[in-house]
Structure formats: C-alpha cells, structure tokens
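First up is the structure itself, then whatever we jot down about it.
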Amino acid sequence: MKQYLTRYRFAIATAILFHVSGFIGILFTPYANWFIQNTQLNQLLMFALLIYTQHYRNRRFYLFMLIAFVVGMFTEIVGVNTGKLFGHYQYGSVMGPKLWGVPFLIGLNWFVVVYSVGIIMRKINIWMEAKYLPQGHQMRPGFKAASFIIDGALLATFFDFIMEPVAIKLKFWQWHTAYVPFFNYFCWFFISAFLLVLFRKFNFNKTNHFAIHLFIIQLLFFIALQIFL
C-alpha cells in the first residue's frame, strides 16, 4: 500500500504541475503557442500516469482500455467523416497523428474520461451504500446500476460541455456550425453510458484514487481557461 501511496503522490503532483504550467503558459507568457502545441505530450503523460497508478493490471483492465479506445475512435471517425454522430466538425493539427481525420489521442481521451468517471461513480456508490446501511436499508441492485450508468454518463457529458469552448478556442477541433450542436452531447451521453456498462461489468481493480484527482484537475483546468481565455 505504501508503494501505491507514493505513486499517487507523484502522479498527482505531476498532473498539478503540468496543468498549472499549461494554464500559466497559455495565458501569461509569450509562448502560448508552444504550450498549446505540446497538448499531446500532456495527454500522453496523463494516460501513462493512469496506467502507472492502476492496482493489479489484469487482462480485463487492458481489454476495457482497448474497447474504450476502439469505440472512441470508431464513433469519432464516423462523426468526422459523415456528420451523423456528434455533428459536423473536424480536428486540427494540435492533437497529433490521425486516422481518417481523428487523432489517436482522442481514442485515449475517451478511455481516460470514462475510466475516471467510472472510478468516481464507484466511490459515490460505496458512499451511498454506507448512508443506507445504518438505517437498515440496502440499495436495490437496479437503482445502483442505473445511478452508476446514468449519473456517470451525465458527468462525462458535463466534462465535454466544459471542455468544448476551450478546445475550440485552442483549435483542438472546429465545428462547421456557429454553435456546438445538442446532438454532440446526446451522443456523448449514450456512448459514455455504453462504456460505463462495460466498466461496471469487467472485473478489475477500481480503486485508482489518482483517476479522481485527474478528473478534478482537468475539469478545473478547463473551467479556469474558459473564464480567462
């Protein structure tokens, strides 16, 4: 356990350092473009830190990671090339190498967001059960599952809602319309819900505290940029 506490502290400190540096660099230095262009380095590092802090990485964990990546890439490729998912948009060069118009980092981002949300929802479910038990009640399995999936999908969609204005200003991607279509959030909700069903079903360790901190750090990062950009 001491080993994992050390890993958590290192990972959290690194995530805070990189996001605070990015925030300051983008807003208050003449090197804003350099910080923006190195977004892919930050994304890859956060992904690596999630893997680094994961307890007991088994096949189910890697399988979930692969499925989240493939589902994310597939739906985004369909979206970019047809406009039938999310809406009409295209990615810029900031996010790095692409497959049929979609950066590979976007597939990783789907995993990072949904995985982090899954860890958060598991923590909330445990907290809710602890509130029920002293009163002699238990959460019904159906309610517990619905809360996990629906609330988790709403949280993932909220993250995208906060991220969108900043990503557009930083030219991560651009919409062909003057506004972000509601259908984008509709698709985010249902794709996230599908992946959270798999997250809940797959048997792997789900106590990665760094994932909770990373979600909060990234959310605060985008909120701060949205305010000051």
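Residue numbers (our numbering): 4 to 232.
All C-beta atoms in this analysis are idealised placements derived from N, C-alpha and C, irrespective of residue type, glycine included.
Classification of residue i by the beta-carbon crowding that lies within 10 angstroms, buried from 16 upward
i: Q3; result: The structure shown does not extend to residue 3, since the chain spans only 4 to 232, so no value can be given for it.
i: S24; result: exposed
i: Y182; result: exposed
i: N36; result: exposed
i: T160; result: buried
i: I122; result: buried
i: L158; result: buried
i: W191; result: buried
Own chain, CB closer than 8 Å to residue i, minus 5 neighbours either side, in chain order
i: L30; result: L228, F231, L232
i: T17; result: L48, L52
i: K134; result: none
i: Y2; result: In this structure the chain extends from 4 to 232, so residue 2 is not present and cannot be described.
i: T32; result: F38
i: R63; result: F205, N206, F207
i: N102; result: Note on identity: in this sequence residue 102 is Leu, with Asn being the wrong assignment. If we look at L102 and ignore the five residues flanking it on each side, its Cβ neighbours are M76, I80.
i: I215; result: S119, I122, I123, K126
Contacts around residue i, its chain only, beta-carbon distance under 7 Å, and the 5 residues preceding and following it disregarded
i: K174; result: G95, V97
i: Q177; result: Y92, Q93, G95, I171
i: I39; result: I29, V97, L173
i: V117; result: A71, A159, S195, L198, L199, F202
i: N45; result: F21, G25
Cβ shell of residue i (< 6 Å), same chain only, five flanking positions each side left out
i: G99; result: Q43, P106, L108
i: P168; result: Q229
i: P184; result: G90
Between the CA atoms of residue j and residue i - distance to the nearest angstrom
i: I129; j: F207; result: 16 Å
i: L88; j: F189; result: 9 Å
i: E132; j: D154; result: 16 Å
i: N211; j: I165; result: 23 Å
i: V235; j: Q141; result: Missing from the structure shown is residue 235; the chain here goes from 4 to 232 and no further.
i: R12; j: I127; result: 22 Å
i: G104; j: A156; result: 25 Å
i: R10; j: T85; result: 42 Å
i: M124; j: K209; result: 10 Å
i: K27; j: N61; result: For the sequence presented, residue 27 should be read as Ile rather than Lys. Roughly 38 Å between the two C-alpha positions.
i: Y59; j: Y34; result: 40 Å
i: M68; j: T180; result: 32 Å
i: W113; j: N41; result: 19 Å
8 Å contact criterion, which residue i and residue j should meet: CB distance rounded
i: G90; j: F186; result: 5 Å
i: L201; j: S119; result: Contact doesn't hold; Cβ gap of about 15 Å is too wide.
i: I15; j: F213; result: 6 Å
i: F72; j: L8; result: At roughly 29 Å, the Cβ-Cβ gap does not stay under 8 Å, so F72 and L8 are not in contact.
i: L66; j: F205; result: 7 Å
i: H22; j: I152; result: About 29 Å; that fails the 8 Å criterion.
i: F162; j: L222; result: 6 Å
**Message:** Pairs of beta-carbons, one from the stretch 80-87 and one from the stretch 38-52, closer than 8 Å: are there three or more?
**Reply:** Judged by Cβ distances under 8 Å, the stretch 80-87 makes no contact with the stretch 38-52, as fewer than three pairs qualify.
**Request:** Specify whether the stretch 180-197 and the stretch 143-151 touch according to this definition: at least 3 beta carbon pairs, one from each stretch, less than 8 Å apart.
**Result:** These segments do not touch.
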